[in-house]
Structure formats: structure tokens, C-alpha cells
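Read the structure below first, then the notes.
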Amino acid sequence: MSDVLISADELATLLAAGTPVRLLDVRWRLDVPDGRPAYREGHLPGAVYVDLDHELAAHGAPTDGRHPLPTVSSLQDAARRWGIDEEDTVVVYDDLKSLSAARAWWVLTDAGVADVRILDGALPAWTGAGRALEEGDVVPSPGSVTLSSGHLAQVSIDEAAELAASGALLDVRAAERYRGDAEPIDPRAGHIPGAINVPTTENLDAGGRFLPPETLRAQFAKAGVDDASPVAVSCGSGVTASHAFVALTLAGLTPQLYAGSWSQWSNDPDRPVVTGPDPG
26 MSDVLISADE LATLLAAGTP VRLLDVRWRL DVPDGRPAYR EGHLPGAVYV
76 DLDHELAAHG APTDGRHPLP TVSSLQDAAR RWGIDEEDTV VVYDDLKSLS
126 AARAWWVLTD AGVADVRILD GALPAWTGAG RALEEGDVVP SPGSVTLSSG
176 HLAQVSIDEA AELAASGALL DVRAAERYRG DAEPIDPRAG HIPGAINVPT
226 TENLDAGGRF LPPETLRAQF AKAGVDDASP VAVSCGSGVT ASHAFVALTL
276 AGLTPQLYAG SWSQWSNDPD RPVVTGPDPG
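So the mapping is simple: the numbering used here equals the position in the sequence shown, first residue as 1, plus 25.
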């Protein structure tokens, strides 16, 4: 997984060379989940809009979390709608620090898509270099990709609890949500007992690009993460945890995703909750 990221210059070179590239616009925010209006106002030329809430997630009971992973069959249908073929390089991007694009990277990589890359620096990296955008919707010819499952590691709620108890679960939400100062969407505030707070935005530079691998590795080492111990990542609902999963991968580590994250944990009244700055 050495080619997780792609720069705006590298992407422009691929497109100019006629390399089969499928661009996916994955704009989404917790407060504005529908990114299609912004997409229609301007997106990378040829990019297809991806609806994170409905195409990169399933929908079940609250105890499943807010963004359960999609089934392979539903994801394959969506990927073919997006025009993905087996030989394509798939490039995903958003307009907010790759936080939602990383969810697309995780879901597609887990489903066996061989070459998925995140536009490092997100949309501003493209427009900041003076490159043009395109307006309106893009409806591609259907693709032919065949997907499978289980290509990346994940943990269940019980496994997440065990890892947290041994200090090997990273909660990558903002510090105020981890502490329980504020909880804008889930039923209880706080964090999983034992989880260590490492906000995923700390894995980026001022331009929204991922920090160098050696810097990321040093940061995770401060949280007690190294090659010798397992580590899993959790967030609110499995979206920004995917971003931290990418950062850990870039650092040369082997992470696991707790997809249910806080939205699943906090919906189970039998699960304990800790508030404050300490893991507990």
C-alpha cells in the first residue's frame, strides 16, 4: 500500500497521459452531509459524486452505529454506477482535509479495488495550483469492477473494548468530544474506557496534507503505538477513523478499524463511558 496518496501534480500527469483514472468526489460534513450542491458548483473534470451516507454506508439499528459498512453487493452496484473498471486507478477527494475521502479509500480498498489513492491536500491542492474545475453532474458509462470483502483489518465492539483496556485503541475525534464537553449527535458524551485521544487532524500539515511518514510514526509512538503491538482506531461513526487508519498505514504500521465507533458504543446502555481528558 505504498501508493495511498497522489499529489495534484501527479494526478494531472496521469490524466494528461490518458491513464484510466476514475475520479470520485466524496464531499461530506457532519453538519452538511449532502455534498452534491457544492460538487455541482465545481469539481475536478470528470469526477463523479459519491454520496457517503447512502453509498459508502449501510443503514440499520442505532446499535449498529451511524455509518455501518456497506454490503459488498450494494458497494459493487455503486462502484459500477461510478464507472469503475478493473484496471482503473481510482482517485478520491473531498474539500475538507481528506476526512471523508479516506472513508472511500478504506471502503474500496477493503473491497479489493487494487489502486485507490487519496488526493493529498484535497480539493484546495488542485485549485491552489490554478487548475480548472467543471460544473454540473457527471454520469459515466457503467463500470465492470467485481468486488469482494475483508482486504483490510477491522474489529468488533467487543474486540475494541479489549484493545482499549490494553491501551491500544485510538479515539481520533476532537478533544472536546473525547472529553465529553460536547456531543452534537450521539446519545452519550465521553469516550470508551482506556481509549487514547489522538485527533486525526494532527496527522496533517497546515495545507491539509498528510505529514511525512517518519513524523507520523514519531507521533504515534508518543501514544504508545509501534510495530510490536496491535492498534485499532475509533471516531464518531467510522469516517474520520478511516483517515487515521490511512495515517497509521503511511507510518508503516498495521491498524484495524472499529467501524461502529462511538455512535455504536454510546447507543448500548450496558457499555461504560468515561469523561474527561484521561483514558480512564
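All residues carry an ideal CB built from backbone N, CA and C; glycine is no exception.
{"Query": "Taking residue 227 as the reference, which of 89, 280, 269, 76 has the closest Cα?", "Result": "269"}
{"Query": "Considering only their Cβ atoms, is the gap separating residue 117 from residue 130 smaller than 7 angstroms?", "Result": "yes"}
{"Query": "Output the distance between the C-alpha atoms of residue 113 and residue 272, rounded to the nearest integer angstrom.", "Result": "24 angstroms"}
{"Query": "Which residue marks the beginning of the alpha helix (DSSP H) containing residue 132, and which one marks its end?", "Result": "126 to 135"}
{"Query": "Jot down the residue ranges of each uninterrupted alpha helix (DSSP H) in the region 55 to 118, minimum 4 residues, whole runs only, in chain order.", "Result": "61 to 66, 77 to 80, 97 to 106"}
{"Query": "For the region 208 to 273, list the alpha helix (DSSP H) runs that are entirely contained and at least 4 residues long, ordered along the chain.", "Result": "238 to 247"}
{"Query": "Quick one: grab the DSSP three-state call for residue 167.", "Result": "coil"}
{"Query": "Rounded to whole angstroms, what's the CA-CA distance from residue 11 to residue 283? Just pull it up for me.", "Result": "Nothing about residue 11 can be read from this structure; the chain reaches only from 26 to 305."}
{"Query": "Using CA coordinates, which residue listed in 262, 245, 157, 191 is at the minimum distance from residue 209?", "Result": "262"}
{"Query": "Could you compute how far the alpha carbon of residue 51 sits from the alpha carbon of residue 68?", "Result": "10 angstroms"}
{"Query": "Could you name the residues of the same chain whose beta carbon sits closer than 8 angstroms to that of residue 26, not counting the 5 residues immediately before and after it, in chain order?", "Result": "Any reading at residue 26 must be qualified, since the residue scores a pLDDT of 41, below 50, and its modelled position is unreliable; the value itself is stated next. Closer than 8 angstroms at Cβ, skipping near neighbours: 134, 274."}
{"Query": "Identify whether residue 52 lies in helix, strand or coil by the three-state DSSP scheme.", "Result": "coil"}
{"Query": "With DSSP as the reference, label residue 183 as helix, strand or coil.", "Result": "helix"}
{"Query": "Could you tell me whether the region 216 to 225 touches the region 188 to 201, where touching means 3 or more Cβ pairs closer than 8 angstroms?", "Result": "yes"}
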